[in-house]
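Chains as they are written, first to last, in the numbering used here: chain A, 1 to 643; chain B, 1001 to 1177. We put the beta carbon where it would ideally sit given N, CA and C, even for glycine. The structure presented is a predicted model; accordingly, all values stated were derived computationally and were not measured.
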């Protein structure tokens, strides 16, 4: 295969891709404040959309509203005041020199925008910021006596002692930034983009203010030169938050890298890295932090491409209080195979390369698979590209058909039946259920709506199978079928984590939001909700139905760094395991080890994969030897479907 | 580093809507296909490309016209990365991918081959996949790839040779098995 072949293959691979959205759709979305069709990853980019208004305001294109959503101090514990808050810019120190930061002033009872302008600019001039790192370089006693917005121009009337010339104590750069502080504040309060700002002195025009030419209305200087490289927009200074909490902000950093630390005294309690949405320009970042209750300093900083040669990094800090969570979860156990003793073999099956490891011995498969189940003496197996293979008892491939890469197998509680998805003829896929062993096929078929794909998840108490349906239009729903009569839909369910034959219950996702999602346990018999959580995404039930796997409600990076065993009655954690901070550790999959209440998990850390057993009392044992991989994204271990 | 040059104040600017319309005609379909190579999923790919255009629209007065196409490319690569970071989590333990949109008239064979190539690309480390897509799909030079990904040309060379070798192995492996 030469370069031209690769070129041809890549062009061919996307030759059937036809854009579905036209120019009108695109331009319709550029009106700020209104968005058109968005995909499932909207939560990830919703922050970008919110800050779009801010960026637009600074960049000087159309802008419909004020700066992005204000964050009220103590937002998680105090109700927000009605109405919007006023953006105010302050001066703070950053690596390249003094730069502007922003806070929000709770809204004043103002009859008009002039009053709001006067209030916000006065606060800016006085340097009356919540954050002690922020200040104003204006001479003490400077105030905004009046302000108006008319005819596309903002006018701010300043008064104070000797403001025309630059005081000897002030550098030209400080004076220029002080003027920009007023310009940015005034523009943000009006919220109509980069409007010219006319500064007056004691009610009349002046040729200079602080030595800066001011006869004509002033424009905002480019944001990259005026605003600090890193802002924390949430939580705000002095906020009280419950753990885990989300940190959001804007950063302009080398390769978009953003580092953070949560500090208590001289101790770094938590730290990590994240990436802003875009490189080389101010763009949003966000990350989640969990920490024990206490007083902390949160530090977020850009990265220093020069390795210490340049001006260094620009940390932004906020003092925050982490209060006890409403959910008194236990402190997590360090999730690492380092130092763990070797445990007995697993009772589950797992795949590495072409070998299927079973409690009864190892089997070599004809290709690399992500999942396999016993079927008619041989195997049904799914490849990473979604190909479904039937493998005969002697290990030879008997048939091969395209299926769905996201699909898996559902196995009945007694292990006798297996259900899978198979694309049928004419675009109508099928859910098929067959006997796992024996030669009689006894196969049951449910024909699905045209163009849809199904993912069987598991069985209830009877012979009912729960499956997720991805319809041709991209919508998703959850259904239950016993292969006779019409399937019934689980209303309000977006996806399924697991099913319990012991309880006749199903764990379903009921909502998605920026910071995570909410899940419920529902009865399959009457559809009633039995328990609900927004702290975890739910996975498999243990076979006795007492426990359910809890994944992070929100996670970023390579994969989930936490896994918990939850009490299936309360959905409160019995034990939580968490990869150590500062490592690239994560768990790709976890399943119950047979009928026990112990988990077996595929753990990645330090460029290697290892099967580990996680016990309810917080113990960790290794189950396989480590398997080295060349990079963070190669998955070398797969756990196979089980009842 | 900062390839987004600031326009001089007072310079005559093309209207943002007009400029975006021109860039839509010239690059939109190709960028969607690039994003499909990086993400395997068209609906998401199109969202990423739309977001890139919208970001450009927003910064219209700060980006030089001749750099706009490069800016879009970069945004699409960065946007795809951002999606993958969020998606990695969902897929590894809770398959959550939107269905692809195969053309109804496609022959089964062609579809299988395409799916196999996208699956093989998906197996590559992120950087290698990006370099391979920019080199073999967009036919960018090493220098252009380096600029789009903010890496050195040396790194482009090594990612390209490793990526191509791995892709060949993966595709041959699929053919044989």
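Subject >> Inter-residue Cα distance where the pair is residue 1064/B and residue 1070/B >> reply: 10 Å
Original post:
Is the shortest distance between the beta-carbon of residue 275/A and the beta-carbons of chain B less than 9 Å?
Top reply: yes
**OP:** For residue 279/A, go through chain B and note every residue whose CB falls closer than 9 Å to its CB, in chain order.
**Re:** 1001, 1074, 1078 and 1150
Original post:
What is the DSSP secondary structure of residue 254/A, reduced to helix, strand or coil?
Top reply: helix
**OP:** Going by CA-CA distance only, name the one from 341/A, 608/A and 119/A that's closest to residue 619/A.
**Re:** 341/A
Original post:
Less than 9 Å separating the beta-carbons of residue 436/A and residue 375/A?
Top reply: yes
Original post:
If you pair each beta-carbon of the segment 92-99 of chain A with each one of the segment 119-127 of chain A, do three or more pairs fall below 8 Å?
Top reply: no
Subject >> Where the alpha helix (DSSP H) containing residue 1054/B begins and where it ends >> reply: 1042-1058
Original post:
When the Cα atoms are used, what is the spatial distance from residue 267/A to residue 322/A?
Top reply: 16 Å
Subject >> Chain-ordered chain A contacts of residue 1037/B [CB-CB under 8 Å] >> reply: 10, 13 and 14
Original post:
Apart from the five residues on each side of it in sequence, which residues of its chain come closer than 8 Å, Cβ to Cβ, to residue 580/A?
Top reply: 334, 335 and 336
Original post:
If we cut at 9 Å on Cβ distances, does residue 1123/B have a partner in chain A?
Top reply: yes
Original post:
From what residue to what residue does the alpha helix (DSSP H) around residue 360/A run?
Top reply: Residue 360/A -> no alpha helix (DSSP H), and no H or E assigned at all.
**OP:** For the segment 193-270 of chain A, list the beta strand (DSSP E) runs that are entirely contained and at least 3 residues long, ordered along the chain.
**Re:** 197-201, 230-234, 240-242, 245-251 and 257-264
Original post:
At what residues does the alpha helix (DSSP H) containing residue 1144/B begin and finish?
Top reply: 1142-1149
Subject >> Where residue 1022/B falls: helix, strand or coil (DSSP) >> reply: helix
**OP:** List the residues of chain B that residue 631/A touches, going by C-beta distances under 7 Å, in chain order.
**Re:** 1125
Subject >> Of the residues 1169/B, 1122/B and 1056/B, the one placed nearest residue 1081/B, counting alpha carbons only >> reply: 1122/B
Original post:
DSSP three-state call for residue 401/A: helix, strand or coil?
Top reply: strand
Subject >> Contacts that residue 386/A makes with chain B (C-beta to C-beta distance below 8 Å) >> reply: 1115 and 1119
**OP:** Taking a Cβ distance cut-off of 9 Å, strictly less, list which residues of the segment 1038-1052 of chain B are near chain A, in chain order.
**Re:** 1040, 1041, 1042, 1043, 1044, 1045, 1046, 1047, 1048, 1049, 1050 and 1051
Subject >> Sequence ranges, beta strand (DSSP E) only - wholly within the segment 112-174 of chain A, length at least 3 >> reply: 143-150 and 153-159
**OP:** Taking residue 499/A as the reference, give the member of 407/A, 424/A and 458/A with the closest Cα.
**Re:** 458/A
**OP:** Answer yes or no: do residue 638/A and residue 369/A have a C-beta to C-beta separation smaller than 9 Å?
**Re:** yes
Subject >> Residue-level contact to chain B via CB, residue 390/A, 9 Å cutoff >> reply: no
Original post:
Since residue 1039/B and residue 1083/B are thought to touch, with beta carbons under 8 Å apart, how far apart are those beta carbons, to the nearest angstrom?
Top reply: 6 Å
Original post:
Roughly how many angstroms separate the alpha carbons of residue 569/A and residue 484/A, rounded to a whole number?
Top reply: 31 Å
Original post:
CA-CA distance, residue 391/A and residue 275/A?
Top reply: 44 Å
Original post:
Quick one: does residue 17/A have its CB under 9 Å from some CB of chain B?
Top reply: yes
**OP:** Using the Cα positions of residue 413/A and residue 287/A, report the straight-line distance between them to the nearest angstrom.
**Re:** 39 Å
Original post:
Taking C-beta to C-beta, are residue 218/A and residue 196/A nearer than 9 Å?
Top reply: yes
Subject >> Beta-carbon neighbours of residue 651/A, restricted to chain B and to distances below 7 Å >> reply: The question about residue 651/A has no answer, for chain A in this structure spans 1 to 643.
Subject >> Separation of residue 290/A from residue 532/A, as counted between CA atoms >> reply: 21 Å
Subject >> chain D contact residues for residue 255/A, given Cβ-Cβ distances below 7 Å >> reply: Chain labels in this structure do not include chain D; the protein chains are A and B.
Original post:
Is there at least one Cβ from chain B nearer than 9 Å to residue 40/A's Cβ?
Top reply: Confidence at residue 40/A is low in this model, with a pLDDT of 27, below 50, so its placement is unreliable and the value that follows should be read with caution. Yes, because at least one Cβ of chain B sits closer than 9 Å to the Cβ of residue 40/A.
Original post:
How many Å lie between residue 1042/B and residue 622/A at the Cα?
Top reply: 40 Å
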